[in-house]
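Residue numbers (UniProt numbering), protein chains in the order written: chain A, 1 to 194; chain B, 1 to 194; chain C, 1 to 194; chain D, 1 to 194.
Ideal Cβ placement from N, Cα and C applies to all residues, glycine included.
A short worksheet on the structure shown next.
There are 4 protein chains.
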Amino acid sequence: MAMGPTKKELLLKAAKELFSEHGYSETTFKKISERAGVALGLLTHHFGNKEKLFLTAGLDVVHELVQTMRTNLQGVPNGLEAVRIFAKTYFDFARNPRQDFMVLVRCSPFSDLKTVEDKDVMIRNFSELYEILEECVKRGVRDGSIRDLDPHKTSVVVFCNLVGGIRHGLLTPYGDDGLFDDIVDFVIYGLKAR
Amino acid sequence: MAMGPTKKELLLKAAKELFSEHGYSETTFKKISERAGVALGLLTHHFGNKEKLFLTAGLDVVHELVQTMRTNLQGVPNGLEAVRIFAKTYFDFARNPRQDFMVLVRCSPFSDLKTVEDKDVMIRNFSELYEILEECVKRGVRDGSIRDLDPHKTSVVVFCNLVGGIRHGLLTPYGDDGLFDDIVDFVIYGLKAR
Amino acid sequence: MAMGPTKKELLLKAAKELFSEHGYSETTFKKISERAGVALGLLTHHFGNKEKLFLTAGLDVVHELVQTMRTNLQGVPNGLEAVRIFAKTYFDFARNPRQDFMVLVRCSPFSDLKTVEDKDVMIRNFSELYEILEECVKRGVRDGSIRDLDPHKTSVVVFCNLVGGIRHGLLTPYGDDGLFDDIVDFVIYGLKAR
Amino acid sequence: MAMGPTKKELLLKAAKELFSEHGYSETTFKKISERAGVALGLLTHHFGNKEKLFLTAGLDVVHELVQTMRTNLQGVPNGLEAVRIFAKTYFDFARNPRQDFMVLVRCSPFSDLKTVEDKDVMIRNFSELYEILEECVKRGVRDGSIRDLDPHKTSVVVFCNLVGGIRHGLLTPYGDDGLFDDIVDFVIYGLKAR
DNA sequence: TATGAATGAGATTTCATTCAT
DNA sequence: AATGAATGAAATCTCATTCAT
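Structure, rendered in structure tokens:
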């Protein structure tokens with residue numbers, strides 16, 4: 001028997017979209033259930049409460065990003081190239097509306113989550129991304145494609161470029177079409193060995 | 001006769017603190033008036049509504065930042081150094097709790113403001129900062145301290161570094177004490193002429 | 001084949017415990033089914049609705065109390081002694097957690113039941129207890145162990161002592177360990193012939 | 001300028017009536033505000049939340065009872081008579097619909113209150129009644145109108161009679177008109193010196 | 001008999017804003 | 001300018017009950 005998405009999936013999808021479009025507090029149970037075409041009560045039935053729903057939505061996005069990252073990094077020739085791919089993947093993912101990445105931009109996983117437990121879960125999952133990027137930098141330093149920099153510090157700085165780029169490019173009126181490419185160039189210039 | 005702050009000032013101060021600490025929607029009129037020790041009704045009386053209050057608070061912070069920026073940039077020898085001072089000033093300002101810079105970080109001037117008019121006012125004022133930074137880069141390119149880069153694109157990329165740095169350093173658990181210095185170094189390395 | 005309790009029994013046991021611990025309205029179908037480790041839907045399937053479930057639970061407790069009462073009253077030498085045994089049995093039963101007597105204390109069989117029919121059933125069953133106590137008093141007056149009192153009025157007054165004792169001893173912070181004994185003594189003193 | 005009751009008072013009165021008539025959980029904010037003819041939001045504005053509202057209502061009743069008790073006990077000739085007056089006052093108060101005593105009977109101050117702080121406040125205020133009764137018993141033992149009993153234990157037992165009487169007389173179908181008098185007689189018989 | 005997803009009415013609570021004083 | 005009571009719409013969350021499987 002061919003089955004479409006479950007109501008739980010419909011709710012999660014609608015929630016991701018609305019969190020992405022309007023942020024955490026502007027997104028209400030009523031709006032979510034209406035967009036999903038599903039009864040309001042199912043939200044707490046399936047997700048417990050609004051915070052857990054947001055956590056589920058956010059983690060989902062992080063997981064997909066990590067997965068995409070790992071896929072795209074396969075077979076990359078050297079560390080510098082890996083960082084470039086990391087950055088490009090990040091920006092591409094962020095711009096792809098199907099990925100609902102804006103959940104993590106429009107909302108704030110580190111301040112919309114109130115309980116320590118939920119924050120911890122989010123942090124733990126987010127950290128995978130950091131580790132992947134740091135691994136790229138380490139590899140670059142080892143293989144000589146990246147100049148002799150501290151891998152940890154450097155990966156954090158690179159991450160700041162990505163985060164700042166997204167906020168600028170997608171949330172403010174200052175970014176233009178080439179911004180993401182400019183940032184990638186700037187990062188690569190700052191890393192590559194001479 | 002020696003007079004303390006007016007009630008209007010007390011309210012604005014309390015509002016800034018609460019916006020900084022808990023974001024836009026977690027900050028309520030009741031909390032503000034209680035922290036200020038002032039009657040609730042004065043909020044709408046003086047500021048009109050919540051959005052205008054936030055706009056006032058945000059603009060106040062932007063103005064102070066612009067002022068501080070102009071002061072600190074006086075007598076700087078060259079463009080590259082000017083960019084360095086810009087970045088340092090930005091980070092110092094952000095870390096100074098008296099400045100309530102977190103109003104602009106914890107809240108989002110570009111999504112918590114709903115009306116087009118309010119957004120425009122905020123954008124116009126914020127743009128001063130961009131222009132100052134762009135001026136620094138132009139000067140550096142002119143005086144040879146910065147390599148031959150497009151000043152507009154470059155200033156946006158630098159701004160992304162600052163914005164990303166703040167979000168990382170102050171909102172997530174990933175930044176460490178040296179992060180802001182690392183970002184300044186990275187930016188300067190990326191700009192300076194060889 | 002050795003069989004454990006049926007799912008229906010598990011549900012009833014869990015319901016009794018939760019009604020005892022938290023009262024009628026704090027006890028939800030979800031909590032009951034979770035404590036019983038049994039599907040939610042079985043509750044309405046087996047018991048109809050919440051009120052019928054409560055009625056079942058309450059009657060169960062009343063029946064066990066009546067049974068225990070009859071057993072303990074067998075072979076009692078005289079009416080006064082019978083009243084003493086009645087009171088002691090009542091208090092012992094109330095304190096025995098396995099009996100879930102608190103169902104009848106924490107909830108209110110006469111106000112949590114809304115339909116007239118359900119109330120009538122409860123009243124009819126409860127009345128057995130009154131009749132037993134009244135019989136004891138009658139017997140005491142007949143055999144001379146109890147002074148010449150109106151058996152009906154007296155049994156109601158004695159019952160008030162028991163009910164008040166339970167509420168005091170088990171629900172408020174004012175009762176102490178000896179309270180139940182004190183009440184028994186007070187009742188016996190008030191009844192016995194001189 | 002002649003002023004009627006404030007809206008706060010109207011709400012408290014309506015709340016007391018509804019708690020008395022239908023118990024804690026059947027009483028809703030909507031019903032209260034409708035009966036009071038006042039906006040729903042005023043309930044939390046004035047009383048904080050439902051539990052605090054109930055606490056306020058309950059304490060109000062206890063205070064009035066304590067006051068009435070003190071008034072009625074003035075000029076009583078001896079301890080035994082004082083106990084009789086105490087019991088009569090208690091029952092009269094309970095039957096007077098204007099006093100909303102049923103707030104404390106239909107609801108349960110010791111289980112509808114959830115926070116420890118609220119429970120403590122209630123207990124502290126309730127305890128005044130116990131102390132008054134204990135004082136009466138002490139006095140009776142001293143002046144010879146009451147036989148030589150432990151005043152504390154005795155006052156608790158007497159209280160159980162009153163509490164049980166109220167529950168029986170007002171909540172169950174077993175009490176009749178003379179019940180309260182019967183209980184007073186039983187208590188006095190049990191206490192008086194011979 | 002057994003399961004738990006599904007429903008939607010209704011509960012408490014929040015809150016910006018209004019307004020009489 | 002100053003106060004805080006008053007309003008009511010809207011938010012989150014609860015929950016008995018139904019029903020398809």
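With contacts defined as CB atoms closer than 9 Å, Glu51/C and Asp118/C qualify as a contacting pair. Of all residues in the segment 86-112 of chain A, only Arg106, Ser108, Pro109, Phe110, Ser111, Asp112 place a beta-carbon less than 9 Å from a beta-carbon of chain B. The alpha-carbon separation between Ala57/A and Gly23/A amounts to approximately 12 Å.
If you look at Lys119/D, you'll find it in the alpha helix (DSSP H) that goes 116-143. A straight line joining the alpha-carbon of Phe91/D with that of Thr115/A spans about 50 Å. Below the 7 Å Cβ cutoff, chain C contributes Ser25 as neighbours of Ser25/D, in chain order. Gly190/B counts as buried, since no fewer than 16 other beta carbons sit within 10 angstroms of its beta carbon. Leaving aside the five residues that flank Asn78/B on each side, the residues in its chain whose CB is nearer than 6 Å to its CB run, in chain order, Asp143, Ser145. Measuring C-alpha to C-alpha distances from Cys136/B to each of Phe126/B, Val158/B, Met122/B identifies Val158/B as the nearest.
Judged by beta-carbon spacing, Val156/D lies within the 9 Å limit of Tyr174/C, meaning their Cβ atoms are closer than that value.
With 16 or more other CB atoms across the displayed protein chains lying within 10 angstroms of its CB, Thr154/D is buried.
The alpha-carbon separation between Phe93/B and Gly164/B amounts to approximately 15 Å. For Asp176/D, the nearest CB of chain C lies under 9 Å from its own CB, placing it at the interface with that chain. With 16 or more other Cβ atoms from the protein chains shown falling within 10 Å of its own Cβ, Lys16/A counts as buried. Put simply, the CB of Leu162/D is near chain C, with a gap under 9 Å to one of its CB atoms. Residue-level contact check: Val116/B does not touch chain A, since none of the beta carbons of chain A fall below 9 Å from its beta carbon.
Not a single CB atom of chain A sits nearer than 9 Å to the CB of Pro151/B.
Approximately 5 Å separates the beta-carbon atoms of Ser20/D and Val103/D; this is inside 8 Å, confirming the contact. The Cβ neighbour count for Thr27/C, taken over all protein chains shown within 10 Å, is at least 16; the residue is labelled buried. Judged by beta-carbon spacing, Glu134/C lies beyond the 9 Å limit of Pro109/C, meaning their Cβ atoms are not closer than that value. For Ser127/B, the nearest CB of chain A lies under 9 Å from its own CB, placing it at the interface with that chain.
In terms of Cβ geometry, Thr89/C and Asn72/C form a close pair [threshold 9 Å]. Contact of Asp148/A with chain B is not assigned, every C-beta pair being separated by 9 Å or more. In this structure, the straight-line span from the alpha carbon of Glu9/B to that of Gly37/A is close to 48 Å. Contact annotation, Arg147/B with Arg84/B: C-beta distance approximately 15 Å; criterion of less than 8 Å not satisfied. By DSSP's assignment, Lys88/C forms no beta bridge with any residue. Within chain C, the residues whose beta carbon sits less than 7 Å from that of Thr172/D are Phe110, listed in sequence order. Taking a 10 Å sphere around the C-beta of Met122/D, we find 16 or more other C-beta atoms and assign the residue as buried. Neighbours of Phe186/A across chain B, judged by C-beta separation under 7 Å: Val157, Gly190. The shortest C-alpha to C-alpha distance from Val184/C to any of Leu170/C, Gly140/C, Glu81/C, Thr68/C is the one to Glu81/C. Counting the other CB atoms within 10 Å of its CB gives Gly48/B a total below 16, which places it among the exposed residues. Bridge partners of Ile146/C according to DSSP: Lys192/C.
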